[in-house]
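2 protein chains.
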Amino acid sequence: METKNLARYLSISFLVLFLVSFLDSVQGRPISMLSGPDPKDAAYTARWLVAQNSWGVLNTISSELGGAPFGNVVSFSDGPPNEGSGIPYFYLTALDPTARNALVDKRSSLTISEYPLGTCGKIDPENPTCAKITLTGKLLVVDGKSEEAEVARHALFSKHPEMEGWPKGHNFQIFKLEIENIFLIDWFGGAKPLTVYDYLHKKMKGHDFIM
Amino acid sequence: METKNLARYLSISFLVLFLVSFLDSVQGRPISMLSGPDPKDAAYTARWLVAQNSWGVLNTISSELGGAPFGNVVSFSDGPPNEGSGIPYFYLTALDPTARNALVDKRSSLTISEYPLGTCGKIDPENPTCAKITLTGKLLVVDGKSEEAEVARHALFSKHPEMEGWPKGHNFQIFKLEIENIFLIDWFGGAKPLTVYDYLHKKMKGHDFIM
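If you read the protein sequences in the order shown, they are chains A and B.
Mapping of the first sequence onto our numbering: residues 747 to 957, in sequence order.
Mapping of the second sequence onto our numbering: residues 747 to 957, in sequence order.
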C-alpha cells in the first residue's frame, strides 16, 4: 500500500509539473527560452528582438504638440514568423496622429523591449542585460500597389490576423521605417556598435525563433 | 484507507490550484483581472495604466541624431503599489542618451501600453480597445535633496528594488515628467478627452490595483 501511495504521489507531482510548465509556455515564457540570444552577437540580438516582438512604440515629431517627441503604441512586423527581414512595416491610419506626423516630418524611431517576451527573468526592465533597441530613421508610406506592399501585407497579416478586417473607411496604409541608426543595449558597458548594413545582412537561424 | 487517500488527493489538488494561481499572479496576469477598467472612465483608465505598468518608452529629442524623436525603454513609478500619484518618476543616468537629451531639450513623452499587463486578451496590441496612453510634457531633474526626491525614491525603489543597488559612479538622478497633454486611446472613436487636472485629481480605489 505504501508503494501504491508513493506511485500516486509521484504521478500527481508530475501532473503539477506538467500544468506549471504548460501555463508557463501559454503565457509566453517557455522555460527552455529563459535566456535571449548571446549578447556578444549584436546583429543577431537586434534582429531577434525585432522578429520576436509584435508591437513597439513608434515615435514621431508631433506637429500638433509644438514639435514634441510623440510615442505611440503600434503593431509591426518585419516578416512572417521565422522569415523576418529586419525592416519593420506598420499599418497606420491618418485618423491617428502618428501617421499625420510622419506625413509632415518623416523623422521617426521604433523602440522595442525584450521585457514583454519574458526572457529577462526577474531583472528590472531598465537593467541593461534586459535588451532594448531603438531603430531611428524615416517613416515612409509604401505604395499600396508595389511589390513591397505585397511583402509588407503578408508580413503584417501573418502576425496580426485581425488587421485584415480593420475598417476600410479608415484608409489604413502601409508604412515602413527606413533605418539609419541602431541603438542597442543588451549588456553592461553602453550601446553596442552595430551598423545598419550588418543588421540587415545578418543570417538568422529559423529554428531560433520562438513566435 | 480510502478516505485517507481521498483526503491526500484533495489536499494535493488544492496544492496544484494554489501553485497555478501563484504562478499566474507572479507573471502579472491574475485570472480575476482579465479585463481592464471601464473604458468610459478616461481618468480612471489613464491612472490605472500608469499605476499598473512598471516600464514604458520615454521619448526625447535626440541632440545626437539631428533632432530625431528618440524613444528609450525605461522603468518608472508614479508611487508605491496602491498609492500612485499619476506623476511618473524615473531614475536615469547621463551615460544614457535620454537624460543627455532632456538636459538640452526638455520636451518629452512617456508611452505605455495595456498589452503587457495581460488584460487585453487575444486582441491585437494596436486594436483601440487595448488601451494605450502617451503623456507629453517636460522631463525635469528633481533636486536630489528635496522632499519630492524622497517621495520619488520611495515610489521608484518600492516598485524597482534593484535600482537602489545600481552603481553609484553612474550618477543616477531622479527625473519627473511634468505632464502637459494626455493622449489616451481605450476604445473605438479616437482619443478620449482628458485634462491633466482631471487625471491628477482622480480618486483611485486602492483595491483595484493589481501590482
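Ideal placement from N, C-alpha and C gives every residue a C-beta, glycine not left out.
Any chance you could list the alpha helix (DSSP H) runs of at least 4 consecutive residues sitting entirely within the stretch 871-949 of chain B, in chain order?
List check, alpha helix (DSSP H) in window: 893-905, 942-947.
Could you check where the alpha helix (DSSP H) with Asn-805 of chain B kicks off and where it finishes?
Counted as a single uninterrupted DSSP element, the stretch harbouring Asn-805 of chain B is not any alpha helix (DSSP H) but the beta strand (DSSP E) occupying residues 801-807.
Contact list for Lys-914 of chain B against chain A, beta-carbon separation under 7 Å:
Those do not exist, as Lys-914 of chain B stays about 15 Å from chain A at its closest Cβ, beyond 7 Å.
When you compare the CB of Trp-801 of chain A with every CB in chain B, is at least one pair closer than 9 Å?
At a cut-off of 9 Å, the C-beta of Trp-801 of chain A has a neighbouring C-beta in chain B.
Note down, in chain order, every chain A residue with its Cβ under 8 Å from the Cβ of Gly-830 of chain B.
Here the premise fails: no neighbours, minimum Cβ distance about 17 Å.
Report back the beta-carbon spacing between Phe-816 of chain B and Pro-843 of chain B to the nearest angstrom; my notes put them in contact at under 8 Å.
So it is a contact: roughly 6 Å between Cβ atoms.
Simplified DSSP assignment, three categories, for Leu-857 of chain B
Inspection of the sequence shows that residue 857 of chain B is occupied by Thr rather than by Leu. Of the three classes helix, strand and coil, the one that applies to Thr-857 of chain B here is strand, per DSSP.
Check the DSSP bridge columns for Asn-818 of chain A and list the partner residues they point to.
For Asn-818 of chain A, which the question treats as bridged, DSSP gives the partners A:Leu-804.
What is the residue span of the beta strand (DSSP E) that Leu-838 of chain A lies within?
Its beta strand (DSSP E) spans residues 835-838.
Which chain A residues sit within Cβ distance under 8 Å of Pro-834 of chain B?
Residues of chain A with a Cβ closer than 8 Å to the Cβ of Pro-834 of chain B do not exist, since the nearest Cβ in that chain sits about 13 Å away.
List, in order along the chain, the chain B residues whose C-beta lies closer than 7 Å to that of Ser-821 of chain A?
What Ser-821 of chain A touches in chain B, judged by beta-carbon distance under 7 Å, is Asp-870, Pro-871, Glu-872, going in chain order.
Partners in chain D for Lys-878 of chain A, counting only beta-carbon separations shorter than 8 Å
Here chain D cannot be found, since the structure's protein chains are A and B.
Please classify Phe-768 of chain A: does DSSP put it in a helix, a strand, or coil?
With a pLDDT of 38 at Phe-768 of chain A, under the threshold of 50, the predicted position of this residue should be treated as unreliable, though the coordinate-derived value follows. Of the three classes helix, strand and coil, the one that applies to Phe-768 of chain A here is helix, per DSSP.
What I want to know is whether the C-beta of Lys-951 of chain B ends up closer than 8 Å to one or more non-hydrogen atoms of the ligand GDP.
The ligand GDP is not part of this structure, which contains no ligands at all.
Identity of the residue in B:Ser-821, B:Tyr-790, B:Ala-789 nearest Val-803 of chain B by Cα
Ranking the options by Cα distance to Val-803 of chain B, first place goes to B:Ser-821.
Cβ pair count under 8 Å reaching 3, the stretch 857-874 of chain A against the stretch 785-803 of chain B:
Yes, they touch.
CA-CA distance, Pro-783 of chain A and Asp-851 of chain B?
Between Pro-783 of chain A and Asp-851 of chain B, the C-alpha separation is close to 35 Å.
Strictly under 9 Å for the Cβ-Cβ distance: is Ser-855 of chain B near chain A by that measure?
Cβ-Cβ to chain A under 9 Å: yes for Ser-855 of chain B.
Taking a contact to mean a Cβ-Cβ separation below 9 Å, would you say Pro-862 of chain A touches Ile-931 of chain A in this structure?
No Cβ-Cβ contact shorter than 9 Å links Pro-862 of chain A with Ile-931 of chain A.
Count the other CB atoms within 10 Å of the CB of Tyr-943 of chain B; is the residue buried (16 or more) or exposed (fewer)?
It counts as exposed.
Check the Cβ of Asn-805 of chain A against every Cβ in chain B and list those closer than 9 Å, keeping chain order.
Those are Val-803, Asn-805, Ala-814, Pro-815, Phe-816, Gly-817, Ser-855, Thr-857, listed as they occur along chain B.
Who are the Cβ neighbours of Ser-904 of chain B in its own chain at under 6 Å, not counting the five residues just before and after it?
If you ignore the 5 residues before and after Ser-904 of chain B, its C-beta comes within less than 6 Å of the C-beta of Pro-826, all in its own chain and listed in chain order.
C-beta atoms of Ile-879 of chain B and Asn-847 of chain B nearer than 9 Å
No, the Cβ-Cβ distance between Ile-879 of chain B and Asn-847 of chain B is not below 9 Å.
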